[in-house]
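Here is the structure we will look at, set down as structure tokens.
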């Protein structure tokens, strides 16, 4: 009986270990994948590690994560330890009150804590950045330290401190030399928990930081919106670093014991070595500081200035940023948003950026609400002359007084050529998402605008309609699709899923389709004859921008031929420059029908902003998703 219990116990333990460590092993293996796929291993390569090292934003996020975790752990451990010791000498009422207040943030949902801290910093008019991130981490780490140290303090003899002071120790000396050594295990435990919580935090960090300051969790989140296996690479590096730290922590006590057993001569020799090490480190710091100072005081035109850019995640080549910094001497601070609506909230609340990259309809809203300043068109004349005329002077900004195109594209259908014929697509158009032949084999995109565009176009209506009857019919169309077709409603994970052709059909943006087709020639891209959304993402300068002159330099630079080519290659979306678009369509994206959007087609439209219609569509799309979840 005992043997059977041991056998089943060992099996259970093995399954638990596999459950915990298999994802980590999976991630490490795919960090060496030669392709972009996160699920299909195509061959060994170190490419994503090279990409990671070249990405200074990613490396800076790792640096910020470590610095904040170390500082937050150090400060919160001291405050938490002193508080726990002080509480042991306090009255019952005060001790009970503080313990209740200490438990509250531990039980409070992170999202509530995050919003509370964000509102506090806004109320106190504290600019969000490194300091707010550090203060927030210290605040939520302190309760964990107190919780870990308090039981050790309560286990001490209450008379031990008085005995030390009777022997001549001051209260401070009694605390640090008598009490602290006896509660060291609790302090170490609290410090380790604090470090782990700080290093791992995302929710609170996401709400309290700004100014381009991002920790690793925020960086990984913004990168995972579009497929980028560099996430696997940097995560593998973190796992290796943690493994090394754990190994050192376990080996150090053994080495310390051996060191104590060494001769006095060896100890003296080691002591003589330390001044040399300190001297070398000091000299290295001086050299690095001198190099940095020389770089900062260079005679480049914008040396020491900062350019704050706010744009969607994975929408900018790191090489382009580095080249601009080297050319101008300025530092580019990049913040990423998940949606135009999230960007709008920050801009409307007065957060300051120098460059925004919103979509067409949101540019119209920002312009109408006087949140943008006019651009200096004469300073951008040569760049504007190179822009594709099909994406200039559109309805959202008729004279391009407020915007310069950044990328453009369309919305269409990505399909598996082995399952779906072009004849079926031409016959059905968007109604193919009602064709029961493909039941359970389609993706719908989790975007109310694009989903309702598809439904409205399938019914022969304008995607900019404000007619409630037409919107209700579009809702019924989508409701029928989710009930009868059993689709999977996804966001950017559709890129990797269609790359692996896991389903026959999916609604996608043209740039994502171009990336998919580059890796899988069995996938095609089709824009229905009923018309579709031709969208433009453009650069704008907010009304409260700190550095509009440098913003204009960026606009000229990012749409220069060299930078625009590199940026379009990296992201996969269509360049606004006509010459770059033509060049890449015959080289990098040759034969890729998704790279060059359809233009001058009468049934294609650009989204116009209508707040009432937007709210109606958002409500109806929520109902569609409820129907989908219940089907």
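Numbering (the UniProt record's numbering), first residue to last: 1 to 631. Every residue gets a Cβ at the ideal spot worked out from N, C-alpha and C, and that includes glycine.
- Between the region 59-69 and the region 209-218, the count of Cβ pairs shorter than 8 angstroms is three or higher; the stretches touch.
- Cα atoms of residue 339 and residue 426: separation of roughly 32 angstroms, rounded to the nearest angstrom.
- When rounded, the separation of the alpha-carbon atoms in residue 493 and residue 513 is 12 angstroms.
- Residue 306: member of the beta strand (DSSP E) spanning 306-312, first to last residue.
- Secondary structure at residue 557: helix, using DSSP grouped into helix, strand and coil.
- Within the model, the alpha-carbon separation for residue 440 versus residue 64 is close to 44 angstroms.
- 590 is the residue among 567, 254, 590 whose C-alpha sits nearest the C-alpha of residue 521.
- Unbroken alpha helix (DSSP H) runs of no fewer than 4 residues, entirely contained in the region 528-600, are found at 548-558, 561-571, 578-585, following chain order.
- Membership of residue 336 in any alpha helix (DSSP H) is not indicated; the residue belongs instead to the beta strand (DSSP E) covering 331-337.
- Note: residue 408 is bridge-paired with 536, 574 in the DSSP secondary-structure output.
- Considering only 466, 485, 575, the residue with the shortest C-alpha distance to residue 611 is 466.
- Every alpha helix (DSSP H) stretch that sits fully inside the region 88-138 and reaches 4 residues is listed by chain position as 92-107, 110-123.
- In terms of CA proximity to residue 175, 78 leads the group 78, 9, 95, 206.
- According to DSSP, residue pairing for residue 525 in a beta bridge involves 414.
- Going by DSSP, residue 315 is part of no alpha helix (DSSP H) at all; its letter is neither H nor E.
- In this structure, residue 379 places its C-beta atom within 8 angstroms of the C-beta atom of residue 552.
- Taking a 10 Å sphere around the C-beta of residue 539, we find 16 or more other C-beta atoms and assign the residue as buried.
- Excluding residues up to 5 positions away in sequence, 458, 528, 529, 530 lie with their Cβ nearer than 7 angstroms to the Cβ of residue 429 in the same chain.
- Distance from the CA atom of residue 464 to the CA atom of residue 103, rounded to whole angstroms, is 51 angstroms.
- Residue 520 carries a coil assignment under DSSP once its states are collapsed to helix, strand and coil.
- Between the alpha carbons of residue 118 and residue 581 lies a gap of roughly 42 angstroms.
- Within its own chain, the residues whose Cβ lies closer than 8 angstroms to the Cβ of residue 519, once the five positions on either side in sequence are excluded, are 35, 36, 37, 499, listed in chain order.
- For a cut-off of 8 angstroms, the C-beta gap from residue 409 to residue 510 is around 4 angstroms, short enough to register as a contact.
- Counting along the chain, the unbroken alpha helix (DSSP H) around residue 345 starts and ends at 340-348.
- Here the alpha carbons of residue 596 and residue 416 stand approximately 20 angstroms from one another.
- In this structure residue 620 is not in contact with residue 461, their Cβ atoms being roughly 14 angstroms apart against a cut-off of 8 angstroms.
- Here residue 533 is buried: its Cβ has 16 or more other Cβ atoms, across all protein chains shown, within 10 Å.
- Membership of residue 443 in the beta strand (DSSP E) is indicated by the continuous run 442-445.
- Secondary structure note for residue 507: its beta strand (DSSP E) is the uninterrupted segment 505-509.
- Rounded to whole angstroms, the gap between the alpha carbons of residue 628 and residue 505 is 17 angstroms.
- Residue 112 counts as exposed, since fewer than 16 other beta carbons sit within 10 angstroms of its beta carbon.
- Taking a contact to require three or more Cβ pairs closer than 8 angstroms, the region 131-148 and the region 192-212 qualify as touching.
- Only residues of its own chain outside the window of five on either side were considered, and among them 76, 77, 80, 190, 194 have a CB closer than 6 angstroms to the CB of residue 145, listed in chain order.
- Each of 142, 374, 198, 354 was checked against the Cα of residue 70, and the nearest Cα belongs to 198.
- In the three-state scheme derived from DSSP, where H, G and I count as helix and E and B as strand, residue 490 is classed as strand.
- The C-alpha of residue 124 lies about 47 angstroms from the C-alpha of residue 17.
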